[in-house]
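Number of protein chains: 2
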Amino acid sequence: MKLTTKGRYAVMAMADLAYHSNEKPVSLTEISLRQNISLSYLEQLFIKLKSKKLVKGLRGSRGGYTLEKPASEIKLSNIFYAVEEEVRTLNCKKDSKRGCNNKSVKCITHNLWDRLDNHINGFFENVKLEDLLKENYEQQRNK
Amino acid sequence: MKLTTKGRYAVMAMADLAYHSNEKPVSLTEISLRQNISLSYLEQLFIKLKSKKLVKGLRGSRGGYTLEKPASEIKLSNIFYAVEEEVRTLNCKKDSKRGCNNKSVKCITHNLWDRLDNHINGFFENVKLEDLLKENYEQQRNK
DNA sequence: TAGAATTCCTAGTAGATTTGTATGATTTAA
DNA sequence: TTAAATCATACAAATCTACTAGGAATTCTA
Chain A
13 MKLTTKGRYA VMAMADLAYH SNEKPVSLTE ISLRQNISLS YLEQLFIKLK SKKLVKGLRG
73 SRGGYTLEKP ASEIKLSNIF YAVEEEVRTL NCKKDSKRGC NNKSVKCITH NLWDRLDNHI
133 NGFFENVKLE DLLKENYEQQ RNK
Chain B
13 MKLTTKGRYA VMAMADLAYH SNEKPVSLTE ISLRQNISLS YLEQLFIKLK SKKLVKGLRG
73 SRGGYTLEKP ASEIKLSNIF YAVEEEVRTL NCKKDSKRGC NNKSVKCITH NLWDRLDNHI
133 NGFFENVKLE DLLKENYEQQ RNK
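Each protein sequence line maps, in turn, to chains A and B. Numbers in the working numbering are just positions in the first sequence, counted from 1, shifted up by 12. Numbers in the working numbering are just positions in the second sequence, counted from 1, shifted up by 12.
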């Protein structure tokens with residue numbers, strides 16, 4: 013399964029963007045400094061996020077990024093899907109040397125990984141960017 | 013997070029072992045052939061499984077491995093814990109350059125990764141080796 | 001008792017992947 | 001016109017995975 017810093021960074025950056033966005037776009041430089049993620053790396057992530065219509069890029073001076081749709085409509089699964097290739101634990105795929113790949117006897121654990129995939133994807137499917145913000149607001153208030 | 017073939021192989025091998033064990037121990041050579049996992053790699057996994065008291069090794073000719081306790085008492089989380097170093101998605105640890113590492117402002121997504129960890133671990137915590145076998149039996153019967 | 005089959009143990013390593021860096025072109029506001 | 005930003009591509013260091021190699025120790029069996 014792919015669940016590395018790439019996906020984490022993407023979520024962190026999107027949360028940062030949502031948190032700090034009002035009228036004007038937020039530059040990656042800002043996010044880079046606040047979240048301690050390299051600028052070039054962020055740029056690569058945001059190109060992917062843009063291609064999936066999650067953010068809008070505004071070039072030029074005073075440019076930056078804005079959310080393409082409200083935080084309440086962006087699921088974490090959207091973000092992961094945009095930057096990660098896939099969230100699959102299984103490698104019993106066709107034409108693979110490994111796994112059960114269509115042998116007469118299915119590998120014993122085949123269904124298990126299927127269920128795990130659903131379990132994890134379900135988690136991301138049920139959390140929206142907005143939820144992270146709310147959580148953060150409350151945390152701030154309780155200090 | 014660590015969720016690679018190492019953990020998968022361990023679960024597959026344990027399921028195979030449980031499935032084929034009656035009186036005599038099961039050799040890794042058998043498992044290696046049936047599950048298509050390299051023998052040396054299996055050996056390394058089983059040393060770890062042994063150290064966590066999940067299997068018992070019987071050296072010498074006609075030797076092999078047996079379950080140390082019934083399949084109904086072995087949770088998948090036990091298996092993962094034995095062979096993987098950790099199942100943690102978070103890298104906001106102390107002394108790390110990355111993540112929120114104790115800055116005054118907690119990183120926005122800190123709690124999220126915590127919850128994800130619990131979510132995934134909960135999955136493994138609630139599946140026992142026995143469950144995999146039952147599933148397999150039923151699959152065979154429905155053919 | 002010799003030999004075969006097995007676990008046990010340690011070290012190394014090729015290849016893939018991740019996590020960036022480097023460089024420059026393009027666009028736009030001031 | 002200049003500075004600040006996105007956009008785009010190529011490359012590279014570091015890490016990690018998934019093994020391989022080689023042998024020692026143990027135990028059953030012929």
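From the three backbone atoms N, C-alpha and C, an ideal C-beta is built for every residue, glycine too.
Asked, Found
"Starting from the N-terminal side, write out each stretch of the alpha helix (DSSP H) that is 4 residues or longer and does not extend beyond the stretch 18 to 82 of chain B.", "40 to 47 and 51 to 63"
"So is I43 of chain B in contact with chain A if we call contact Cβ pairs under 8 Å?", "no"
"With respect to the alpha helix (DSSP H) encompassing E142 of chain A, which residues constitute its N-terminal and C-terminal limits?", "L141 to R153"
"What residue from B:Y93, B:L124 and B:R127 has the CA that sits closest to S63 of chain B's CA?", "B:Y93"
"Can a CB atom of chain B be found closer than 8 Å to the CB of V95 of chain A?", "no"
"Would you report the Cα separation of G75 of chain A and S44 of chain A, rounded to the nearest angstrom?", "15 Å"
"Looking at C-alpha atoms only, which residue of B:G72, B:R46, B:G134 and B:R153 is the closest neighbour of A27 of chain B?", "B:R46"
"Could you tell me the distance, in whole angstroms, from the CA atom of T121 of chain A to the CA atom of E80 of chain A?", "40 Å"
"Compare the Cα-Cα distances from L29 of chain B to each of B:E150, B:Q152 and B:L144 and report the closest residue.", "B:L144"
"Alpha carbon to alpha carbon, what distance is there between L51 of chain B and F175 of chain B?", "Nothing about residue 175 of chain B can be read from this structure; chain B reaches only from 13 to 155."
"Do you know how far the Cα of E137 of chain A is from the Cα of V38 of chain A?", "26 Å"
"Pull up the CB-CB distance for G23 of chain A and L66 of chain A, whole angstroms please, since I reckon it's below 8 Å.", "Before going on, a small fix: residue 23 of chain A reads as Val here, not Gly. Incorrect: roughly 11 Å between the Cβ atoms, too far for contact."
"Specify, as a first and last residue, the run of the alpha helix (DSSP H) that S89 of chain A falls within.", "L88 to V95"
"How about T121 of chain A: is its Cβ closer than 7 Å to a heavy atom in the ligand COA?", "With respect to small molecules bound, the structure shown includes none, and the ligand COA cannot be examined in it."
"Looking at K18 of chain B and E96 of chain B, is the spacing between their C-beta atoms short of 8 Å?", "yes"
"Counting only beta-carbon atoms, is N123 of chain A nearer than 8 Å to chain B?", "yes"
"Please report how far the alpha carbon of L57 of chain A lies from the alpha carbon of T16 of chain A, in whole angstroms.", "13 Å"
"Can you find a C-beta in chain A that's less than 8 Å from the C-beta of E147 of chain B?", "yes"
"Measuring CB to CB, does I132 of chain B end up less than 8 Å from I49 of chain A?", "no"
"Applying a beta-carbon distance threshold of less than 9 Å, which residues of chain B neighbour L144 of chain A?", "I120, T121, N123 and L124"
"Can you have a look at N130 of chain B and say buried or exposed, based on whether 16 or more other CB atoms are within 10 angstroms of its CB?", "exposed"
"Between the C-alpha atoms of E161 of chain A and V139 of chain B, what's the straight-line distance to the nearest angstrom?", "Coverage of chain A is limited to positions 13 through 155, which leaves residue 161 of chain A absent and any answer about it impossible."
"Under 7 Å between beta-carbons, which chain A residues line up against F92 of chain B? List them in chain order, please.", "Going along chain A, no residue has its Cβ under 7 Å from F92 of chain B, so there is no contact; the nearest lies around 11 Å."
"Which residue wins for smallest C-alpha separation from N123 of chain A, given the options B:E150, B:Y77, B:W125 and B:S73?", "B:E150"
"Quick check on the burial criterion: 16 or more other C-beta atoms within 10 angstroms. Buried or exposed for R127 of chain A?", "exposed"
"When the distance is taken between beta carbons, is E55 of chain A closer than 8 Å to L70 of chain A?", "no"
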